[in-house]
Amino acid sequence: MRALQKLIDAFGDSLIDAVNPVTGRLHTNFIIAGASTGRFSARGPNLQQMPKRREAGFRKIFAAPKGQLVMALDYSQIELRAVAELISDRF
């Protein structure tokens, strides 16, 4: 019960408030090098922080428009890969 209440407290109202009144959908903002470590970050809402493993069913609240998919991707070391691609283009 406490785990579910924590999810509702952490994400419930803030996600509802972030729904775009025109589209009826959530639209996050990804910030390149937005964290102090130089990594990607997100805000408004921060969809990178949605629970993954313990509360796997939580992600089922996200639905794609008809004919589209919601994909969960792991961009492991994406910043380093992007820099390597830029460097390889220059040299």
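Residues 2 to 92, numbered by the working numbering, are exactly what the sequence shown covers, in order.
Idealized CB from N, CA, C, for every residue including glycine.
Within the segment 3 to 67, note down every full alpha helix (DSSP H) run reaching 4 residues or more, in order along the chain.
3 to 8, 14 to 18
Tell me whether Leu81 sits in a helix, a strand or coil according to DSSP, three-state version.
If you number the sequence shown from 1, residue 81 lands on position 80. In the structure shown, Leu81 sits in a helix (DSSP, three-state: H, G or I).
Thinking C-alpha only, which one of Arg3, Asp90, Ala11 is nearest Gln50?
Here the question's residue 50 lines up with position 49 in the sequence shown. Comparing Cα positions, the closest option is Ala11.
Cβ-based neighbour list, Gly35, same chain, cut-off 7 Å, excluding 5 preceding and 5 following:
On the sequence shown, residue 35 is found 34 positions in, with the first residue counted as 1. Correct list, in chain order: Phe41, Ser42.
Could you check if Pro66 is buried or exposed, using at least 16 other CB atoms within 10 Å of its CB as the buried criterion?
The residue given as residue 66 occupies position 65 in the sequence shown. Burial call: exposed.
Output the distance between the C-alpha atoms of Ala19 and Phe92, rounded to the nearest integer angstrom.
Residue mapping note: residue 19 aligns to position 18 of the sequence shown, counting from 1. Residue mapping note: residue 92 aligns to position 91 of the sequence shown, counting from 1. When rounded, the distance between both Cα atoms is 43 Å.
Which of helix, strand or coil DSSP assigns to Leu87:
Against the sequence shown, residue 87 aligns to sequence position 86. Correct three-state label for Leu87: helix.
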